[in-house]
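Presented below is the structure to which this report refers.
In the numbering used here, the protein residues as written are 20 to 251.
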């Protein structure tokens, strides 16, 4: 059995199955990327809930794994060279798990880098912009009299949705027939934008039929259904 005692995070979240991948997360758009990925590829893992309501992400134990105090993060007891590997940043984790499992990321160079390109599109555009729109539409930002900040993120979110919608024209998934980590990264954010953030009408989501079509397919996948609820 693997000894993970050298990692302080296991003192706050003890590993019942120390030979499994340890997942520290919450069911947010970024968090569910990794739980969905793990459900899709079938690697054994143990989820641990990092409660924002109790500031778990600011605890010394969590910061020892991710000094950027963001979820998700993982600790793989059997990383490269069969040595434990701690890892944070959802995009990096998706690439790592794809390589470890040999699934959901092409090995051939051109398709591999094109998939990573669309993963970065989500990481650098969709995630930050949709998140800011959510803040200004649903949370404290809605009380600002000046609506220019909100409207800026509305317009940028529309632009990103248009890019995504055009990419999906005539395609089953972002990469065509092949379902990949680019889809796993992107569609939890689309779901959150029109669901939790209540911004569907604001961005005119009906104007992006390819996005809603593929979102529906994504949400119908059994692994996605499970991953969206992990950790409880």
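Note that the Cβ used here is the ideal one computed from N, Cα and C, for glycine as well. Source: prediction; values computed, not measured.
Do the CB positions of residue i and residue j come within less than 8 angstroms of each other?
{"i": "residue 204", "j": "residue 152", "result": "no"}
{"i": "residue 26", "j": "residue 94", "result": "yes"}
{"i": "residue 206", "j": "residue 237", "result": "yes"}
{"i": "residue 45", "j": "residue 81", "result": "no"}
{"i": "residue 31", "j": "residue 78", "result": "yes"}
Assuming the contact rule is C-beta atoms closer than 8 angstroms, residue i and residue j should be a hit. Round their C-beta distance to whole Å, please.
{"i": "residue 179", "j": "residue 142", "result": "In fact, because the Cβ distance is near 12 angstroms, the residues do not count as touching under 8 angstroms."}
{"i": "residue 91", "j": "residue 50", "result": "5 angstroms"}
{"i": "residue 54", "j": "residue 42", "result": "7 angstroms"}
{"i": "residue 169", "j": "residue 156", "result": "6 angstroms"}
{"i": "residue 48", "j": "residue 208", "result": "5 angstroms"}
{"i": "residue 177", "j": "residue 223", "result": "7 angstroms"}
{"i": "residue 200", "j": "residue 117", "result": "5 angstroms"}
For a test of the three-state rule: what should DSSP assign to residue i, helix, strand or coil?
{"i": "residue 131", "result": "helix"}
{"i": "residue 195", "result": "strand"}
{"i": "residue 28", "result": "helix"}
{"i": "residue 68", "result": "strand"}
{"i": "residue 113", "result": "helix"}
{"i": "residue 40", "result": "strand"}
{"i": "residue 47", "result": "coil"}
{"i": "residue 166", "result": "coil"}
{"i": "residue 61", "result": "coil"}
{"i": "residue 171", "result": "helix"}
{"i": "residue 158", "result": "coil"}
{"i": "residue 251", "result": "coil"}
{"i": "residue 73", "result": "helix"}
{"i": "residue 188", "result": "coil"}
{"i": "residue 147", "result": "helix"}
{"i": "residue 56", "result": "helix"}
{"i": "residue 142", "result": "helix"}
{"i": "residue 121", "result": "coil"}
{"i": "residue 126", "result": "coil"}
{"i": "residue 136", "result": "helix"}
Out of the options, point me to the one whose CA is closest to residue i's CA.
{"i": "residue 228", "options": "182, 34 and 251", "result": "182"}
{"i": "residue 135", "options": "120, 113 and 156", "result": "113"}
{"i": "residue 243", "options": "98, 56 and 22", "result": "56"}
{"i": "residue 174", "options": "195, 197, 202 and 144", "result": "144"}
{"i": "residue 65", "options": "78, 29 and 80", "result": "29"}
{"i": "residue 101", "options": "157, 150 and 38", "result": "38"}
{"i": "residue 61", "options": "123, 44, 20 and 33", "result": "123"}
{"i": "residue 103", "options": "169, 209 and 20", "result": "20"}
{"i": "residue 171", "options": "202, 197 and 221", "result": "221"}
{"i": "residue 108", "options": "129, 118, 99 and 85", "result": "85"}
{"i": "residue 211", "options": "128, 234 and 193", "result": "234"}
{"i": "residue 191", "options": "232, 78 and 97", "result": "232"}
{"i": "residue 63", "options": "119, 74 and 40", "result": "40"}
{"i": "residue 129", "options": "185, 35 and 194", "result": "194"}
{"i": "residue 137", "options": "230, 186 and 154", "result": "186"}
{"i": "residue 259", "options": "68, 31 and 35", "result": "Since the first residue of the chain shown is 20 and the last is 251, residue 259 is not available in this structure."}
{"i": "residue 213", "options": "201, 230 and 117", "result": "230"}
{"i": "residue 89", "options": "74, 96, 97 and 160", "result": "74"}
{"i": "residue 197", "options": "163, 241 and 125", "result": "125"}
{"i": "residue 87", "options": "97, 76 and 96", "result": "76"}
- Which full runs of the beta strand (DSSP E) of 3+ residues lie inside the segment 76-110, going along the chain? 92-95 and 104-107
- Message: I'd like the ranges of any alpha helix (DSSP H) spanning at least 4 consecutive residues and lying wholly in the segment 204-245.
- Response: Whole alpha helix (DSSP H) segments, 4+ residues: 219-222 and 228-238.
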